[in-house]
Amino acid sequence: MDLARLVGEISVEIRRQVGLLIERTGYVTHLIVGNDSSIEIPHLDRYRVAHSRLRGLRLFHTHLKEHPLNQEDLMDLVLNRFDSITAACVGSDGIPKFFFSAFINPDPDAKEPWILSPKQYPGQLKYGYSEQVEALESEFTKKTSILKESQKENRAFLVGVYDVRKMKRSPDHSMAELKELCRTAGIHVVDTYIQKRDPDPKTVVGKGKLQEIILTSVHKDIEHLIFDLELTPSQAKKISDASDLKIIDRTQLILDIFSKNAKSRDGKLQVELAQLKYLKNRLSELDDNMSRLTGGIGGRGPGETKLEIGNRRVEEKITRLENELKDLKRRRELNRKSRTRNEIPIVGIVGYTNAGKSTLLNALTNSTVIAEDKLFATLDPTTRRIRFPEEREIIISDTVGFIHDLPPDLSQAFKATLEELGDADLLLHVVDSTNANYAEQMDAVDTILNSLKLNEIPRMVVFNKADGLDEETHASFEKNGSLLVSAVTRDGLPNLLGLIEEEIWKTKEQKPALVATPSE
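Everything in the sequence shown is counted per the working numbering, starting at 3 for the first residue and increasing by one.
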């Protein structure tokens with residue numbers, strides 16, 4: 003009480019709020035002087051804190067007016083994971099009249115992330131603070147241990163801001179796809195938020211709503227804040243400055259999945275190039291100090307900032323990768339010319355990601371291409387041969403899956419992967435018939451194919467995953483004359499092969515028996 007009175011007298015004398023950060027031992031680590039209505043908490047990097055523990059510091063500060071803890075006070079409590087926060091409302095003589103206190107709520111499902119204590123007068127203050135904090139921290143540990151081991155890390159809050167006037171699909175469908183991308187990347191989605199409006203140019207969702215999302219994220223031990231759009235560099239920086247969460251946008255998430263799934267040298271180079279182009283405009287200058295000499299011919303010497311050095315090095319690497327990809331492209335062109343001379347027809351498999359393209363390729367050719375129930379499981383183009391009667395054969399090629407609003411850098415990076423389709427005699431557009439949004443996905447694929455100027459190539463739509471349809475939906479597809487197949491059960495594949503043969507050679511021969519040979 004003596005310390006509270008001393009701080010109160012100083013606060014009244016200078017007409018500013020005064021705060022103290024106090025360790026559990028009673029040692030005062032920081033003295034904070036604010037203005038007449040608030041204080042600003044300094045960076046506390048040296049006081050590390052685990053998700054299951056509190057920081058080991060409590061905040062005590064004065065209020066010059068008889069106001070309870072405000073939103074800013076409570077945000078400081080939660081974001082800094084303080085043991086507690088207490089505001090002493092002081093009179094004109096500096097003596098505390100009463101106290102308002104709050105603790106973090108250990109229940110992650112609670113409506114509010116804090117617990118407010120009743121107003122207390124000086125004579126009502128009790129001992130036993132240490133025991134109270136230890137009990138609270140024990141509750142945090144229990145709640146954390148309840149989480150599944152797989153959910154302790156990579157927990158994410160998804161944020162979608164949609165201008166419905168410009169969208170070709172519903173916000174719910176877009177958010178569902180973002181969840182699938184997270185599942186593919188090994189991220190556990192804890193919570194989501196959808197806003198239907200033009201994105202705020204600074205914080206995407208607006209300052210107030212961003213604070214609410216950050217509070218919820220910290221309270222639920224969430225590590226990632228993932229936005230269902232491509233953030234501008236200024237937006238990413240503004241949001242990062244407001245929290246310690248890892249800020250990820252849709253493009254970064256897709257790039258991460260691509261990076262994990264690319265196996266060939268070509269694919270790895272394309273992903274790295276896309277990552278560098280994405281990074282290029284997002285380099286931030288870490289400090290304004292003069293850099294050391296870069297050395298070598300061409301170095302600008304003293305005065306070159308870290309940002310300039312970083313940009314130059316990124317540019318150099320982009321140029322090197324582009325040259326390597328050009329060499330690989332020339333080799334692919336030679337291989338395609340060889341196939342053209344042999345007059346072997348080419349069938350390209352295209353479709354939305356996770357439509358079952360690789361599974362269909364495996365079923366048609368008795369192959370073992372990687373096929374998983376994840377988005378972008380296949381990034382590298384795969385070719386196999388199918389031999390028909392009369393010594394006729396075709397080359398069938400699987401390609402990377404398409405997705406709505408593929409960022410320009412990504413679509414440009416994988417243009418080389420899709421260039422194989424330009425020589426195709428027939429495109430098999432594989433559609434996931436079990437997906438409720440299959441029509442939207444078909445439109446997205448058509449848009450991408452048209453942008454690649456592949457709309458002149460004959461196209462056959464194949465509705466896959468027929469084994470997952472109920473009887474009514476199955477009958478509806480058949481009534482519309484749709485080509486239904488199941489790559490898993492192989493139902494409808496003989497009919498599909500017959501239609502492929504008929505389309506390519508324009509004959510009506512008996513449906514062929516399947517013989518597969520190793521890939522080229």
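Note that CB positions come from ideal geometry on N, CA and C, so glycine has one too.
Note that the coordinates shown come from a computational prediction; the quantities given were computed from them, not determined experimentally.
Query	Result
Does the beta-carbon of L540 have 16 or more other beta-carbons within 10 angstroms, so that it is buried, or is it exposed?	The structure shown has nothing for residue 540, since the chain only spans 3 to 522.
Is K262 helix, strand or coil when you go by DSSP?	helix
With a 10 Å radius around its C-beta and 16 neighbouring C-beta atoms as the bar for buried, classify Y354 as buried or exposed.	buried
For R294, does the three-state DSSP call read helix, strand or coil?	Residue placement at R294 is poorly supported in this model, since its pLDDT is 37, which falls under 50; the coordinates still yield a value, given next. Three-state result, R294: coil.
Verify whether the separation of the beta carbon atoms of D38 and L76 is less than 7 Å.	no
Tell me whether Y29 is buried or exposed, calling it buried when 16 or more other Cβ atoms sit within 10 Å of its Cβ.	exposed
Using the beta-carbon count (16 or more within 10 Å), is D95 buried or exposed?	exposed
State yes or no: is the C-beta of H406 within less than 7 Å of the C-beta of A446?	yes
Report the three-state DSSP secondary structure of E504 (helix, strand or coil).	helix
Based on Cα-Cα distance, which residue from D493, E505, T436 and I224 lies nearest to P460?	E505
Looking at L330 and L275, is the spacing between their C-beta atoms short of 7 Å?	no
Could you tell me which of L255, E503 and S103 sits nearest to M462, measuring between CA atoms?	E503
Determine, using beta carbons only, whether L23 and L59 come nearer to each other than 7 Å.	yes
From the DSSP output, read off the bridge partner residues of Q126.	Answer is none; Q126 lacks a bridge partner.
For S13, does the count of other Cβ atoms within 10 angstroms reach 16, so buried, or fall short, so exposed?	buried
Any chance the segment 95-107 sits against the segment 115-122, with 3 or more Cβ pairs inside 8 Å?	yes
Can you say whether N482 is buried or exposed, counting buried as having 16 or more other CB atoms within 10 angstroms of its CB?	exposed
Where do the ends of the beta strand (DSSP E) carrying P115 lie?	That residue, P115, is in no beta strand (DSSP E); it is neither H nor E in DSSP.
Where in the segment 438-466 do unbroken runs of the alpha helix (DSSP H), each at least 4 residues long, occur, reported from the N-terminal end onward?	440-453
Secondary structure at G424, three-state DSSP: helix, strand or coil?	helix
Name the residue from A89, L486 and Y280 whose alpha carbon lies nearest to the alpha carbon of I41.	A89
With distances taken Cα to Cα, identify the nearest neighbour of L247 among H226, G470, V166 and P115.	H226
For I397, which three-state DSSP category applies?	strand
Measuring alpha carbon to alpha carbon, tell me which residue in R267, D251, G269 and K265 is nearest L281.	D251
So, is G424 buried or exposed, given that buried needs 16 or more other C-beta atoms within 10 angstroms?	exposed
Hey, I189 and P173 are a contact pair by Cβ (cut 8 Å); roughly how many whole angstroms apart?	With 8 Å as the limit, I189 and P173 do not qualify as a contact, their Cβ atoms being about 20 Å apart.
Contact check, V352 vs D427 under 8 Å by CB: the rounded distance?	14 Å between Cβ atoms; not a contact.
Mind checking which residues open and close the alpha helix (DSSP H) that includes F479?	E473 to K481
Considering Cα atoms alone, identify which of T64, I228, K204 and C184 is closest to I97.	T64
Given that a residue counts as buried once 16 or more other Cβ atoms are within 10 Å of its Cβ, and exposed if not, what is G162?	buried
So, for K222: in the same chain, excluding its five sequence neighbours on each side, which residues have a beta-carbon less than 6 Å away from its beta-carbon?	P110 and V192
For the alpha helix (DSSP H) that contains D4, what are its first and last residues?	D4 to I16
Which runs of the beta strand (DSSP E) fall wholly inside the segment 190-214 and span at least 3 residues, in chain order?	190-198
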